[in-house]
Amino acid sequence: MKTSSLPLISVQNLTVEFGTREGPVTAVRDVSFDLARGETLGIVGESGSGKSVTSFALMGILDANGQVAQGEMTYSGIDLRRASPRQMRDIRGREISMIFQNPRSALNPIRKVGLQIEDILREHAVAVGGHARRQAVELLDRVRIRDPEKRYHAYPHELSGGMCQRVVIALALACKPRVLIADEPTTGLDVTTQKTIMDLIRDLATEQGLSTILITHDLGLAANYCGRIVVMKRGEVVEAAPVDVLFGAPRHPYTRALIEATPRRSGTVRALLPPDDFRHGQPDPKPRCRALSAPLLTVEGLTKEFGAEGSGFGWLPWRKGVETDKAFRAVDDLSFELHAGESLGLVGESGCGKSTTSMMIMRLLDPTQGSVRLDGEEISAIPSSKFARHPARAKLQFVFQDPTDSLNPRFTAARCISDPILRLGKLEGGKAVKARVEELADLVNLPLELLSRFPHQLSGGQKARVGIARAVALNPSLLILDEPTAALDVSVQAVVLNLLADLRAQLGMSYLFVSHDLNVVRLLCERVVVMRAGIIVEEGATDQVMTTPKTAYTRELLASSPEPPPTLGALEAAE
Amino acid sequence: MADVTAFKAGVKPRNHIVYILTENPVSIVAIAGFAVIVFAAIFGPLVAPYDPLATNVAISLHPPSWDHWFGTDQLGRDVFSRVLVAARLDLMISVSAVALSFVIGATIGSAAGYFGGWTDRITGRVVDTIMAFPLFVLAMGIVAALGNTVENIIYATAIINVPFYARVARAEAAIRRTAGFVQAAKLSGNSDLRILATQVFPNALPPMAVQASLNMGWAILNAAGLSFIGLGVRPPTPEWGIMVAEGANFIISGEWWLAIFPGLALMLTVFTFNLLGDALRDIVDPRQRT
Amino acid sequence: MKSWARLRMVLGRVGQALPALFGVIVVTFILTRALPGDPAVYFAGPAADEASIQQIREALGLDRPLYEQFVYYLGDLASGNLGVSISTGQPVLEELARRLPASLELTLGALLLSLAIAIPMGVLAATNPGRPIDHICRVIATAGVSLPTFFTGIALVFVFYYLLGWSPAPIGRLDFAYLSPPPITGFYTIDALLDGDPETAMAAAGQLLLPMITLALFTLAPIARMTRGAMLQALGSDFIRTAKAAGLSQRVILIRYAFRNAMLPVITTLGMVFSFTLGANVLVEKVFAWPGIGSFAVDALVVSDYAAVQGFVLTMAMLFVLLNLLIDIAYTLIDPRIEANG
Amino acid sequence: MDRRTFLKGTGATAIGAGMLPFLKVLPASAATSGVVVVAISQTINSLDIHRKGTNRPSYQIAVNCYDRLVSFGTKTMPDGSLSYDYSVIEPDLAESWEATDKSITFKIRDNAVFSDGSPVTAADVKWSLDRAVSLGGFPAVQMKAGSLEKPEQFVAVDDKTFRIDLIRKSKLTIPDLAVPVPMIINSKVAMANATADDPWATDYLHRNTAGSGAYTIARWDPGQQIVYQQNEKWTSGPLPGVKRVVVREVPSQATSRALVERGDVQIAFGIPDKDAQELAAKGDVTVVGTPIENCIYCVGLNLNFDPFMDKKVRQAVAHAIPYEEIFKAAAFGQGVPMWGGGSAKPADVSWPQPFPYSTDIDKAKDLMAESAFKGGFKTEISINLSLASWMEPTALLIQESLAKIGIETTVDKIPGANWRTAALVEKRLPLHLENFGGWLNYPDYYFFWAYIKGHLFNSSNYDNPEVAKLVNETLHMQTDDPDYAPKVKRLIEIAFDDVPRIPLWQPNLNSAMAKNLEGYEYWFHRQLDATKFSVS
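Residue numbers (this note's numbering), protein chains in the order written: chain A, 1 to 575; chain U, 1 to 290; chain X, 1 to 342; chain C, 1 to 536.
This is the structure:
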């Protein structure tokens, strides 16, 4: 889709540098793209690709240490690089608006949302006095906030994440700008909310004739909402093409890899790997099937209530807000079984109780009620503080969501991996331990020379591998994976998912895979449990749940997760 | 902002320190000052031009001169020598006090933060109780009650410092209690005490070290304040606080050097420690810098 | 509903403070009994013999076992009787009531002065991080907190009273030439103004100035540091970026968005700073002959004046609790989020 | 009363309303308007000298607001300043008295009235003296020194006649009636404010005065100031030349000095020796330094400790003390030296008089060598923190000097609160500094308190039967008794030889005052007497 008229925004050879203590670092190099009137442009890239920096440069809100080193940026013919601060301020908000991720923190926490909208209306002299207020309410109505009169008086913390993002959109659209830049507008939101927000943005854009730049790491999202996509990698544009062209015939290997790595409703784990990986296209590793055996894990009537708990320091002002909320049920009478060798997916949106469930099974949290049996042994009765030395401890291991947070910053990778071996392993002597650590590193494809490094010297994928190696060090029979790839870029996620599939095949473990993303869970699990508000809404074989969901909620969940169009012949041709 | 922060990762610690120093020239001054103070504390008695205790009434209350840089006091003792030699005692008091409160505060604080529940509640009450006192008066009371010795000054200063460490340690431990690596350590079969000792505590150390260096200055001031009102240090031992206190009576009559020089020494030392604390905080946690 | 929740929170805070208060009472009691010197001997006066000392010991109840004394003490406390100070000969309650306003006037004055300097300083530093102005602010604040108050006080008196003669004699709250204004708030400056006597108010303010500066110098640093830190954090937060992207002017961003948010942690710090300042008063009051509770406490401690020391510490502890309560309330009024966390 | 005119007193309205806004200039001109401002360094804690716990500075209330039956005379010192005259007893409220061996009968002046106008009666006198001996504590002890022990001794014969029945005839009785303690209180006012629990109206008199003295209390702000207002009905002497005296408590002595130098106060009362020396040298203000009678700053050697039981050691110490240096560094040359006396036998009964010791390290070493402690020993030298300004330099110089003869010492600072208990009550300080001075100016009186086993100021635990016997004999003996002088000389001779207390110097009471202020008078009680103040 080419536009014949002048582009609304034109970026030519943009280079952005950041002054750091190590000298200048180029975050964006030689980036060029145009945004036509009425167009929706997607900028897609993994972390560190420079996609956000590009938009900040465009808006002139780079951090103090960043500067545009080269290139031209124009908006409607106005040279943005040479515009005065006063001009820029007029352009921002009135001509080009921007919305961000983390909508809740994007709003001033101690100012009523209505007033925040009014601030902008007044600043740009769009409205004054009571008129501003009326207009603010109208705007809230326009972003489909119910009961806008009342919400006008709300503080951000009183609104849900989705609501906050609507308010942010209202802020952005207050002065009827011509361009909207949405920087990861739905990251951190649940998929169902994501869909409504994205639909809202699309609809409003159409209504107001907005041109939109959508910045995201999610190819599927970009594919669903954009006309044209710019793919960025390490500060440079690798490919820019209309959606159908891009997905139909990706020219750049990186684009292709990115497309491949995005999980979708069908396809194998192996297929996520980049086309140049030798395993790409191989059949998935087969788990050692031990179905029909006795249940490895039985959960019955598991319930967790969180009560209001005071603490000794509570009344002091610096301990403000530490008390927990009043009693509420995070997990409500949950029961399911997991057989040896089987993998079960536990799926739900944030706050559904899936993590609490996994923590209770791991015995990191004491359940309020209910039983957890591992290999027929009741383990929920053992207090979590006493469980550390229990023999069942070794059988039950865990892979954490955040690979950074789960590694002690003062331990080397080797020390991290050896910790369970030293504590619970039966190995004697430093040599044996070292050998085992190296064996494990091999198992998770972690180069041995990285073993002596500290977590901050490792990449996200490497840290994830260290975490997995630690978890499998004791040959557990059940491994609980708590969103193990949620913090990773898709290409790294692909590798990690494959590693997990391989490990399962090699070691014959059972997985309890906790995730918000059915498309990811599907890849590793035979069975899946869908949770919502502490209870199970649906349970069944993965294929069945994916294809013929029984409940409306599961259907909604499936419908909400965006999916890139299938890549066509181009891919096959590359084979 | 993920894109930007990605560049900041992977900076080597030593470069970081160099960076902090060049970024903040004041720190260099602080380090130089610190070197001088430590030098005085270690070699003060050796390099002092006169015996700090030797009296010579014939030259009492002489103003600063080439022979006596900071003048002489009521008994004809060399003020410069006394100021120099006092550095050791003052540092000894404050370092011991801070070390003591560090150990106690860190122990009870991290235990409270890590275990929570009753441990937290009880230590919380203890800390609250200490905090509810006017701290300097509490220190005075302790020294007055326990007896008038340097050790008791150290104990008193330590006790009134404990809440600060306990609070920092508690907060740090409470944050880390739920950290992934602590959970992971539990899964690896570590006992609570071991986790506290090997996982939580070492990671809580840097912020506490910052607190310690910031508190050093305060500890020195407190100790000096105590001896200012006559508690603790035995004459003729030179100590800055008491020298200021004694010198104060001479200011109006024109013998300003008696109070001014030890006062300046005290001030510069505290100043140096505070600046060092700042620098240390910059190194440990740049975001915290205030 | 809202106000009810707030009231409950306030009551809860008071309830939580009670154990600490009790702890203070116990510790003070034990500490004072451990003080050297025998109040009976002191009370008996010079040239008293053993018999009269013993007689006084009995009269003061000092011959009874400690726990019994403690029970009596608690009983007295409950009936609002803090005892009589042996060093000043006045009931402790009266003494404290008379002296507390003096200390509070000094402390609050110092705090206001300090805020008036430190907050702009902190904002200035935060808006120019890493620049020379930042370093200068930092050095000034650090230098201030490095000054031993007793030394600063003496030096200021020497320069401004003795050498220059600019400030009035350091002899308490008011020069001889003036009479204290009729007590309404207990703050001389305010009372004199209420009384329509600006001249006395000026005189009282003049007396207040040097000790106020001495204390303010000391409190500059924590407030300036906190302001700078909070301001930097606020300026670096997402909502400031939103505001910038929406084209809000620098002034609105700085004041309405960043500054107001930054004030929250500063308010919390204020409580700490206030109780610190009250503590630092002890030495400053000594230097300036300020008839506050700090100098009262020091004198009492030196002569083992149990009742006075206990009364002082208790007052301070209650003040501390009250202060934190006020700050809590102020906080809830400013920060709408508190209620959500209940 | 209009607050603004308060300070000017009734006579000062002439300044006129136009001056009122410029109150800043008032302190400097205060003197002309009849106001004298005094800076004292301690706090006044009661208006009642009889009350338990009343501290020394409060005794000035008894001096300025009350009269006694008799008073001491006044003499002019060589430097022109005034001093009380111990040798002259003058009428005060009593216009005459007759002494027999059994009793003394006083005739109370007819025109004597209390500040409320009511006449002073013998009943008031009896009530007051009864009170002084009945309330216990210090007043009772002081009364006892004059053999005034029981209420039964005091008889109101009629309205204007009062008799004291004597337990024994003593030279101390009449002088003891002139000290501040036996002040005469308006018993009608006091009794009106007495309760069953408090028959002596201690609570009322603690806060109010009810006397016939030169001043009444216009205002008392505890911890800050006391304001005396001239009592126009005063009959015991010529009215003071000033209407008001403001006594301001200024804890910092440096500040006091600055205040008087800058003219913000008219008197800085009881200033340190150093300030006295320097201010006198500067000459901007008048400095009066009067040697305090019957008072000696001395080194106490506690005989409960082995080394000091040895007379040789005591004498060695007495020879090792660097008197000159101490006198220069600690007393700044103010006072009367008490060392270097000529002979081992006293020439007269004057007291205090220099002891026959002077700094002679060789001699001290010899004495040490002769003692049982040839190798030296270690001990503590204790000082009172409240008196550190002279005790600390003194102790340090002694410490340094004693080291030369093998006595190693550490300086132990004892907080003021603990000092009495440690030094005087428990008498547990081996080597310490002491500052006792007797109010009644007789050598035997000094010896009574300081040299007799078990007596309060005998912090040395000195015990000598001969001394006890001599003191017992001389204490009540008239000084013109032919036995008196030889016995006292013997006492002094023993003190010379035994030296349980090594005198350093007789201290001065120093005050600095504006040149135009007159009527400052030294008293043995070392408190401010404002009754003769006038401004020229």
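The beta-carbon is built from N, C-alpha and C at its ideal position, and this holds for glycine as well.
Name the DSSP bridge partner or partners of residue i?
{"i": "Thr-216 of chain C", "result": "C:Gln-229"}
{"i": "Ala-94 of chain C", "result": "C:Ile-108"}
{"i": "Val-247 of chain C", "result": "C:Val-38, C:Ile-226"}
{"i": "Leu-14 of chain A", "result": "A:Val-31"}
{"i": "His-339 of chain A", "result": "A:Pro-295"}
{"i": "Leu-478 of chain A", "result": "A:Leu-396, A:Ser-510"}
Closer than 7 Å: is that where the CB of residue i sits relative to any heavy atom of the ligand NAP?
{"i": "Tyr-331 of chain X", "result": "Although the ligand NAP was asked about, the structure shown includes no ligands whatsoever."}
Just the chain A side, please: which residues come within less than 8 Å of residue i by C-beta, in chain order?
{"i": "Gln-211 of chain U", "result": "Ordered by position in chain A, no residue passes the 8 Å Cβ test against Gln-211 of chain U, which lies about 13 Å from the chain."}
Measure from the C-beta of residue i to each C-beta in chain B and report whether the shortest distance is under 8 Å.
{"i": "Lys-286 of chain X", "result": "Protein chains A, U, X and C are contained in the structure displayed, whereas chain B is not."}
Assuming the contact rule is C-beta atoms closer than 8 Å, residue i and residue j should be a hit. Round their C-beta distance to whole Å, please.
{"i": "Ile-405 of chain C", "j": "Ile-361 of chain C", "result": "7 Å"}
{"i": "Val-179 of chain C", "j": "His-525 of chain C", "result": "7 Å"}
{"i": "Phe-261 of chain U", "j": "Ser-213 of chain U", "result": "Wrong, their Cβ atoms sit about 25 Å apart, outside the cutoff."}
{"i": "Val-133 of chain C", "j": "Ser-212 of chain C", "result": "Not a contact, Cβ separation roughly 20 Å."}
{"i": "Thr-315 of chain X", "j": "Ile-293 of chain X", "result": "7 Å"}
Could you tell me which chain X residues have their CB closer than 7 Å to the CB of residue i, listed as they occur along the chain?
{"i": "Leu-145 of chain U", "result": "Looking at the sequence itself, residue 145 of chain U is Ala, so the reference to Leu does not match. Residues of chain X passing the Cβ test: Leu-31, Ala-34, Leu-35."}
Starting from the beta carbon of residue i, find every residue of chain U whose beta carbon is closer than 9 Å, and list them in chain order.
{"i": "Arg-260 of chain X", "result": "None at all; the shortest Cβ gap to chain U is about 18 Å."}
Name the chain X residues that come within less than 8 Å of residue i, Cβ to Cβ?
{"i": "Leu-171 of chain A", "result": "Thr-242, Ala-246"}
Quick one: which chain C residues come within Cβ less than 8 Å of residue i?
{"i": "Gly-230 of chain U", "result": "Leu-385, Ala-388, Lys-413, Pro-415"}
{"i": "Phe-236 of chain U", "result": "Sequence inspection shows Pro at residue 236 of chain U; the Phe mentioned does not correspond to that position. Leu-396, Gln-399, Val-411, listed in chain order."}
Nearest CA to the CA of residue i: which residue from the options?
{"i": "Ala-223 of chain U", "options": "U:Lys-186, U:Phe-136, U:Gln-183, U:Tyr-165", "result": "U:Phe-136"}
{"i": "Phe-332 of chain C", "options": "C:Lys-532, C:Leu-279, C:Glu-434", "result": "C:Leu-279"}
{"i": "Trp-351 of chain C", "options": "C:Ile-271, C:Phe-72, C:Tyr-228, C:Pro-503", "result": "C:Pro-503"}
{"i": "Gln-462 of chain A", "options": "A:Gly-376, A:Leu-8, A:Leu-448, A:Ala-394", "result": "A:Leu-448"}
{"i": "Pro-283 of chain A", "options": "A:Thr-268, A:Leu-272, A:Ala-294", "result": "A:Thr-268"}
{"i": "Tyr-86 of chain C", "options": "C:Trp-97, C:Phe-72, C:Met-77", "result": "C:Phe-72"}
{"i": "Asp-375 of chain A", "options": "A:Ala-392, A:Leu-364, A:Thr-368", "result": "A:Ala-392"}
According to the Cβ coordinates, are residue i and residue j closer than 8 Å?
{"i": "Gly-345 of chain A", "j": "Pro-562 of chain A", "result": "no"}
{"i": "Ser-511 of chain C", "j": "Tyr-520 of chain C", "result": "yes"}
{"i": "Thr-216 of chain A", "j": "Ala-222 of chain A", "result": "yes"}
{"i": "Gly-281 of chain A", "j": "Arg-270 of chain A", "result": "yes"}
{"i": "Val-143 of chain U", "j": "Gly-232 of chain U", "result": "yes"}
{"i": "Met-226 of chain X", "j": "Ala-126 of chain X", "result": "no"}
{"i": "Thr-32 of chain X", "j": "Tyr-306 of chain X", "result": "yes"}
At 7 Å on the CB atoms, spell out the chain U contacts of residue i, in chain order.
{"i": "Gln-397 of chain A", "result": "Leu-187"}
What residues from chain U crowd round residue i, counting only those whose CB sits closer than 8 Å?
{"i": "Arg-257 of chain C", "result": "Ile-252, Ser-253"}
Residues of chain C with a CB under 7 Å from the CB of residue i: which are they?
{"i": "Ala-248 of chain U", "result": "Ala-254"}
Taking C-beta pairs closer than 9 Å, name the residues in chain X that residue i reaches, listed in chain order.
{"i": "Asn-418 of chain C", "result": "Leu-35, Pro-36, Gly-37, Asp-38, Ser-304"}
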